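Enquirer: After the structure tokens below, expect a handful of questions from me.
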Amino acid sequence: NEMIDLVNKHPKSDALSQINAEDQIDVSVVVPIFNEAENIQLLYDKLTPVLDSLGRSCEVILVDDGSTDGTFEILKDIQSMDDRVWVIRLRRNFGQAAAFSAGFDFARGKLIITIDGDLQNDPADIPKLIDKIDEGYDIVSGWRVKRKDFFLTRRLPSMAANALISSVTGVKLHDYGCRVVLVFLNNRTALMLNGRVQQREESVYK
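Here UniProt numbering is used: the first residue of the sequence shown is 1, the next is one more, and so on.
Now the structure itself:
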């Protein structure tokens, strides 16, 4: 389960109902993926009806972060059946920050939604986040209420990291590790990545 953090508000004149240029769309969903062959089809099956229900133009950017378990072949099959889907393949495993960065580079949406590929996040929560953007917030972040990972090895260190980052940045989010985040395009630069990767190389499939 997830709850929501809200950051800042933009003027009502920036409403999402504004008409985009022909080469832009309303919503980009960026999904970093590494060795998720068992999960990615199910994630796609859960995500698509949610996007269909939005009544907005959408694209899905699936970033394969150097998977070795057949994930890429499944991504290509999905892409071949849905023209909203882009597949980006990194030449090796660079890490989640680099995968997000590659997805952001290609995203055309006025809104960018990030979500993990491991089914820890429920795509059904996306409309709730968009509703908050419509109210005027710049950044809407989900946070995990009932986490499925181990307390001592994952949850306790995460709690400490969340407190430290909030203290240093002044941005009060409950769960910096939760990747369900929706960002208003004017604040794309507010997306925080944990490090940079030099000489990142990728192939794009459309």
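Cβ atoms here follow ideal geometry from the backbone N, Cα and C, with glycine treated the same way.
Computed from a predicted model, the values in this text were never measured in an experiment.
1) My parser needs the beta strand (DSSP E) runs of 3 or more residues fully inside the UniProt domain "Glycosyltransferase 2-like" (28 to 159); what are they?
2) Which residues in the same chain have their Cβ closer than 6 angstroms to the Cβ of valine 29, if we skip the five residues on either side of it in sequence?
3) DSSP on aspartate 23, reduced to helix/strand/coil?
4) Could you tell me which of Ser57, Thr71, Gly66 and Ile25 sits nearest to leucine 43, measuring between CA atoms?
5) Looking at chain B, is there any beta carbon in it that lies within less than 9 angstroms of the beta carbon of glycine 117?
6) Taking the Cβ atom as the reference point for each residue, do serine 57 and isoleucine 78 lie within a distance shorter than 9 angstroms?
7) Can you list, in chain order, the residues of its chain whose CB lies under 7 angstroms from that of asparagine 93, leaving out five sequence neighbours each side?
8) With distance defined between alpha-carbon atoms, name the residue in Phe100, Arg108, Ala102 and Arg84 nearest to proline 49.
9) Is the beta carbon of isoleucine 88 closer than 9 angstroms to that of valine 63?
10) Output yes or no for whether 9 angstroms exceeds the beta carbon distance between glycine 117 and glutamate 36.
11) Just to confirm, are glycine 109 and proline 32 a CB contact at a threshold of 9 angstroms?
12) What is the rounded straight-line gap between the Cα of isoleucine 74 and the Cα of aspartate 82?
13) Work out the CA separation of leucine 111 and leucine 54 for me, nearest whole Å.
Expert: Reading from the atomic positions:
1) 58 to 64, 85 to 90, 109 to 114 and 137 to 144
2) Val60 and Ile113
3) coil
4) Thr71
5) Of the protein chains in the structure, only one exists, and it is not chain B.
6) Taking the C-beta atoms as reference points, isoleucine 78 is found no nearer than 9 angstroms to serine 57.
7) For asparagine 93, where only same-chain residues beyond five positions count, the Cβ hits under 7 angstroms are Phe34, Asp65 and Gly66.
8) Arg84
9) In contact: valine 63 and isoleucine 88 (Cβ atoms closer than 9 angstroms).
10) In contact: glycine 117 and glutamate 36 (Cβ atoms closer than 9 angstroms).
11) no
12) 13 angstroms
13) 13 angstroms
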